[in-house]
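Q:
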Amino acid sequence: MDDLSLRCRCGRVRGVITDVRADQLQRIVCYCDDCQAFARWIEASGGARYLDAHGGTDVVQVYPSQVKFTDGLERVKLMKLREKGLYRWFTECCKTPAGNMLGNHRSPFVGLPTAIVDAGEGRTLDALIGPPSAFIQGKFAPNGCPPHAHPSAPLSLLARSARFLLRGLVTGRYRPSAYFDGDSPRVLAQVLSPSERAALYPPTR
Ligand SMILES: [Zn+2]
Ligand SMILES: [Zn+2]
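Taking my numbering, I'd label the letters of the sequence shown as residues 1408 to 1612.
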């Protein structure tokens, strides 16, 4: 297949993932506490819930140079859960998650939560790119590790990720990036305060 559409919940932000090849991307469901915290922040900010029944985030990981925004790029904003955290992009219009990456313009990947991926009328993402290949960080799931998930990350995934990231680094696919102007993110990151952050994590932490 060629392109996969991106569309925020309200439709003001649209884009595409270009040159989609099922064997060159990774679709992973992550149960980690940071992904959960970000999803809770999205909800608390007026966005829709997108976690699965066990608290997982379904993410399509591609190279930054594959992501193009065709509408509403100016509405794509940036937050970090903590100063040294991942860049977590979102749309300010309807608080749809719009890409997670290392906090650096050389991030060799961007993970797009499927909440912003639009399979199209009558089509499913499973049919287009296949189901998730791994369910990771299950130890953080609120009701215990789901039976289909790995408590942390399986070795097979680490090996595949290493290949994916290495290929991205070698071929320089961190650029051009819609998220950056040169080496700097397009907008300043909003960083949560310790108390804002604490409210998003389970109290046992
Ligand atoms: Zn929107
Ligand atoms: Zn995660």
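Virtual Cβ for every residue (Gly too), placed ideally from N, Cα, C.
Measuring from the CB of V1420, is there a heavy atom of ligand 1 at a distance below 7 Å?
A: yes
Q: Quick check: is any heavy atom of ligand 1 less than 7 Å from the C-beta of R1416?
A: yes
Q: Would you kindly work out how many angstroms separate the C-alpha atoms of D1590 and S1514, rounded to a whole number?
A: When rounded, the distance between both Cα atoms is 11 Å.
Q: Looking only at its chain, what residues have a beta carbon closer than 6 Å to the beta carbon of G1518, apart from the 5 residues adjacent to it on each side?
A: V1466, Q1468 and N1507
Q: Is there at least one non-hydrogen atom of ligand 2 closer than 7 Å to the beta-carbon of T1464?
A: yes
Q: So, under 8 Å CB-CB, V1427 and F1476 are touching, yes? Tell me the CB distance rounded to an integer number of Å.
A: Wrong, their Cβ atoms sit about 16 Å apart, outside the cutoff.
Q: So, do the stretch 1530-1547 and the stretch 1486-1498 have three or more beta carbon pairs nearer to each other than 8 Å?
A: no
Q: Can you tell me the Cα-Cα spacing of E1499 and G1453, whole angstroms?
A: 10 Å
Q: Let me know if H1461 comes out buried or exposed under the rule of 16 or more other beta-carbons within 10 Å of its beta-carbon.
A: buried
Q: If you reduce the DSSP assignment to three classes, tell me which class R1593 lands in.
A: Coil.
Q: Considering just the uninterrupted stretch of the beta strand (DSSP E) at L1411, what are its terminal residues?
A: L1411 to R1414
Q: Could you pull out every residue in the same chain whose Cβ sits closer than 6 Å to the Cβ of R1495, ignoring the five residues on either side in sequence?
A: F1445, M1486 and N1507
Q: Should D1441 be listed as close to ligand 2, given that the test is whether its C-beta is under 7 Å from any heavy atom?
A: yes
Q: Please state the DSSP three-state secondary structure of F1571.
A: helix
Q: Out of curiosity, what's the CA-to-CA distance linking I1435 and A1455?
A: 20 Å
Q: Taking S1472 as the reference, which of R1580, P1504, A1505 and P1561 has the closest Cα?
A: Ranking R1580, P1504, A1505 and P1561 by Cα distance to S1472 puts R1580 first.
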